[in-house]
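Residue numbers (mature numbering (1 follows the signal peptide of the UniProt record, and there is no 0)): -19 to -1, 1 to 59.
This is the structure we're talking about:
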């Protein structure tokens, strides 16, 4: 047990367990890409309910990803 704790402390101090928000950044960028695709589909045929639904879901996905990224950045003090 002591070895596990020591390894964890060493990895944290060496930066291996450091969260730099890169995953949140990638998630946000992916959400923006999904929104752009949904937006293109929506404007091609806005009367289709499924495309309206996809566009709304993509907008919600962007807001969630943005909130997670902002929280991560605030935790890092950036």
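No residue lacks a Cβ here, since even glycine has one placed at the ideal position from N, Cα and C. Owing to the predicted nature of the structure, the values given are computational and were not obtained by experimental measurement.
Close-in-space but distant-in-sequence residues of the same chain around residue 57 (CB under 6 Å, 5 per side omitted): none
Residue 28 - containing alpha helix (DSSP H), residue span: Here residue 28 belongs to no alpha helix (DSSP H), and DSSP marks it neither H nor E.
With DSSP collapsed to three states, give me the class of residue -1. coil
Looking at residue 34 and residue 12, is the spacing between their C-beta atoms short of 9 Å? no
Can you tell me the Cα-Cα spacing of residue 26 and residue 49, whole angstroms? 31 Å
Pairwise C-alpha distance: residue 37 and residue 43: 10 Å
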